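The structure appears right after this line, and notes come after that.
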Amino acid sequence: MNRNLSILLFTSVLLLTSGCSSTPVFLPENQTASTAKDPNLPSYPVYGRSCGFLLFGILPIDTNERFIRAYQKMISQRKGTVSQITLQESWYWGLIGTGYCATFTGLVTP
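Residue numbers -23 to -1, 1 to 87, in mature numbering (1 follows the signal peptide of the UniProt record, and there is no 0), belong to the letters of the sequence shown in order.
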């Protein structure tokens, strides 16, 4: 009985901690640039936003990969060089948990 309880406890801890890992976002140097502000160059803003929800404070639903999804949404809109990339994170409270959103914004120069 004690062995079964140990196995159950180990499995529970393993499953709960596996939901707390995520993939980091790396900004490639060749996709970003620090261009000087030139009024003659046309530029336009792009953004990508992605949200996730933490159900009951312990069950992550789409929260771990929200930075990657938001960055990919922003990059998919570009038709040139992205500069001045910023990240904004926000949250909102729901009745049964907390939502977390990530927003990447950038300026594209063709």
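We treat Cβ as the ideally placed atom computed from N, Cα and C, and that holds for glycine.
Bear in mind the structure is a predicted one, so any value in this text is a computation, not a measurement.
Rounded C-alpha distance that separates residue i from residue j
| i | j | result |
| --- | --- | --- |
| Met51 | Pro22 | 10 Å |
| Val59 | Gly71 | 34 Å |
| Ser(-18) | Thr40 | 30 Å |
| Thr86 | Gly57 | 5 Å |
| Trp19 | Leu84 | Note on identity: in this sequence residue 19 is Pro, with Trp being the wrong assignment. In a straight line, the C-alpha of Pro19 is about 10 Å away from that of Leu84. |
| Asn(-22) | Ala79 | 44 Å |
| Gln65 | Leu(-10) | 31 Å |
| Ser(-12) | Gly34 | 16 Å |
| Gln61 | Gln54 | 15 Å |
| Thr17 | Leu4 | Looking at the sequence provided, one finds Asn at residue 17 rather than Thr. Cα to Cα, the separation comes out at about 27 Å. |
| Leu(-16) | Arg26 | 38 Å |
Best match in the options for proximity to residue i [C-alpha to C-alpha]
| i | options | result |
| --- | --- | --- |
| Thr75 | Thr86, Arg55 and Leu32 | Leu32 |
| Phe44 | Phe81, Leu(-16), Thr(-13) and Leu(-15) | Phe81 |
| Ser67 | Pro1, Ala47 and Asn(-20) | Ala47 |
| Tyr24 | Gln49, Leu(-15), Asn17 and Ile73 | Gln49 |
| Phe30 | Leu(-16), Asn(-20) and Ile73 | Ile73 |
| Tyr69 | Pro1, Glu42, Cys28 and Val2 | Cys28 |
| Thr63 | Phe(-14), Val2 and Glu42 | Val2 |
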